[in-house]
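Colleague: For the sequence shown, position 238 matches number 1058 in my numbering, and the numbering has no gaps at all. Could you have a look at this structure, given as C-alpha cells, before my questions?
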Amino acid sequence: MKNVKFHHLAQCILPLVLIALVGCTPRSISNSGYPSGRGYYFGSGVGYHGELSELEVLGITANPNITEEDIRAALADDSKVALKRADRVVVQSGALFPDEPLLEELNKHYTVVPLSGIPHRQTNKEGETLPVDKSLRLASAKSNAKTMIVYWGVLETARANQGSKIISWVPIVGKAIPDQKQDMRIRLKAAIIDVETGAWEFVMPKVYSDSTFTARQSREQKDQSQVTRLKAKGYEALAKALTARYR
C-alpha cells in the first residue's frame, strides 16, 4: 500500500518539478534563440560553443604558487584603465561578432574593432585551461587598439500561467497550457582591459526588465521580440555607463 501511495505521489510531483524547471530559464546573449525545452535554442547563435571565462580573459589561473608578495605587488600597482582616443577592440563572449546594436551604440563614441569571442581553449600538461589574455592583447595591439572591451550577458526568463490556478496534468510539459506571462531581464558586465599593461576594471550597467503575455501560437515571436527590446536597452545602458565612467 505504501509503495502504491509513493508511486502516485511521484507521478504528481514530477510534473510539478518539470514545470518549475521550465519556469525560470537563463541563456546567454550569444545564444538567445527561443528555448526548445530540450537543451538547445531555436535560432541559436551560429557557431556557439560556450562562453569565455572571466578568469582566462583576465589572465588569472588557479596557481597554488601565488605568494603574499604577489598580492601586495598587485595592490601597489597603480596602472590605470582608460578609453583613450584610439581604436578599441570589442569582444562578445561566445559570439563570432559582437551584436550589431551594441556596435552601433559604441560607434557613437569610439572607433571599434570587433573580434571573435568564441572560446578556443588550450590546456597545459596538467590539463589546466591556459589564459587567453595575452593572445587577446596581442591581437588588439596588432590592430593598434589601446583598450579591449570584453563583455558578457545573460537573459533570465520566468513564466507564470495566467487565468486559472488549476494545474493541468499533461503528458508533455508545454502542451495545451494556458496563456502565460513571461518576465525577462538582461544583465550585462564588461571588462575594460588596458592592452599595454593588462590592467582591468569591470563596468556593470543597469539591469532592465520586460514583461509580456503570450499564447501558445505566439510564444516564440513574443520571446524574440522581448530579447530584441532588452538587448537594445541593455546595450544603450552599457555604452552610457562606459562613456560616463571614462570621460
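Idealized CB from N, CA, C, for every residue including glycine.
#1: State the DSSP-derived secondary structure class of SER1045, mapped to helix, strand or coil.
#2: Indicate whether TRP972 and LEU878 have their beta-carbon atoms separated by less than 7 Å.
#3: What does DSSP give as the partner residues of PHE1033 in its beta bridges?
#4: GLU920: buried (16+ other C-beta within 10 angstroms of its C-beta) or exposed?
#5: Quick check: the Cα distance between SER848 and ALA978, rounded to an integer number of angstroms?
#6: Kindly give me the distance between the Cβ atoms of GLY937 and LEU875, rounded to whole angstroms, as I take these residues to be in contact under 8 Å.
#7: Could you name the residues of the same chain whose beta carbon sits closer than 8 Å to that of ALA965, not counting the 5 residues immediately before and after it, in chain order?
#8: Count the other CB atoms within 10 Å of the CB of PRO1025; is the residue buried (16 or more) or exposed (fewer)?
#9: In the DSSP assignment, what residue or residues form a beta bridge with GLY870?
#10: Inspect the beta-carbon positions of LEU975 and SER852 and report whether they are closer than 7 Å.
#11: How big is the Cα-Cα spacing for GLN1044 and TYR854?
#12: Relative to the C-alpha of PHE917, which candidate in ILE1013, SER850, PHE1022 has its C-alpha closest?
#13: Check the C-beta distance from ILE1012 over to LEU903 and give it rounded, since I have them as a contact under 8 Å.
#14: Let me check understanding here. Comparing Cα to Cα, which of LEU922, ARG1039, SER963, HIS869 lies closest to LYS1051?
#15: On the CB-based measure, 16 or more other CB atoms within 10 Å of its CB, does SER960 come out buried or exposed?
#16: Quick check on DSSP: helix, strand or coil for HIS828?
#17: Return the first residue and the last residue of the alpha helix (DSSP H) that ARG892 is part of.
Modeller: If we stick to the structure as given:
#1: Position 225 of the sequence shown, counted from the start, is the residue given in the question as residue 1045. In this structure, SER1045 counts as helix in the three-state DSSP scheme.
#2: Locating residue 972 in the sequence shown gives position 152, where the first residue counts as 1. Locating residue 878 in the sequence shown gives position 58, where the first residue counts as 1. Taking 7 Å as the Cβ cut-off, TRP972 and LEU878 do not qualify as a contacting pair.
#3: In the sequence shown, counting from the first residue as 1, residue 1033 sits at position 213. Note: PHE1033 sits in a beta bridge opposite LYS1001.
#4: In the sequence shown, the residue the question calls residue 920 occupies position 100. Flag for GLU920 reads exposed.
#5: Reading the sequence shown from its first residue, position 28 is the one you call residue 848. Reading the sequence shown from its first residue, position 158 is the one you call residue 978. One C-alpha to the other measures close to 15 Å.
#6: Against the sequence shown, residue 937 aligns to sequence position 117. Against the sequence shown, residue 875 aligns to sequence position 55. About 15 Å; that fails the 8 Å criterion.
#7: Counting from one through the sequence shown, the residue named residue 965 turns up at place 145. Excluding residues within five positions, the ones whose Cβ falls inside 8 Å are ALA906, ASP907, ARG908, VAL909, VAL933, VAL1015.
#8: Translated into positions along the sequence shown, residue 1025 becomes position 205. Burial call: buried.
#9: As a position in the sequence shown, residue 870 is number 50, starting the count at 1. Note: GLY870 sits in no beta bridge, so no partner.
#10: Translated into positions along the sequence shown, residue 975 becomes position 155. Translated into positions along the sequence shown, residue 852 becomes position 32. In this structure, SER852 lies closer than 7 Å to LEU975 by Cβ.
#11: Looking up residue 1044 in the sequence shown gives position 224. Looking up residue 854 in the sequence shown gives position 34. Straight-line Cα distance between these residues: approximately 7 Å.
#12: For the purposes of this step, residue 917 is taken as the residue at position 97 of the sequence shown. Minimum Cα distance to PHE917 is reached at SER850.
#13: Here residue 1012 is taken as the residue at index 192 of the sequence shown, counted from 1. Here residue 903 is taken as the residue at index 83 of the sequence shown, counted from 1. ILE1012 to LEU903, Cβ: 7 Å. Contact.
#14: Here residue 1051 refers to the residue found at position 231 of the sequence shown. Checked all of LEU922, ARG1039, SER963, HIS869; the closest Cα to LYS1051 is LEU922.
#15: Numbered from 1 along the sequence shown, position 140 holds the residue referred to as residue 960. Flag for SER960 reads buried.
#16: Sequence index remark: in the sequence shown, residue 828 carries index 8 (1-based). For HIS828, the predicted model reports a pLDDT of 48, less than 50, meaning its position is unreliable and no value from the coordinates is stated.
#17: Here residue 892 is taken as the residue at index 72 of the sequence shown, counted from 1. Here the alpha helix (DSSP H) through ARG892 covers 888-896.
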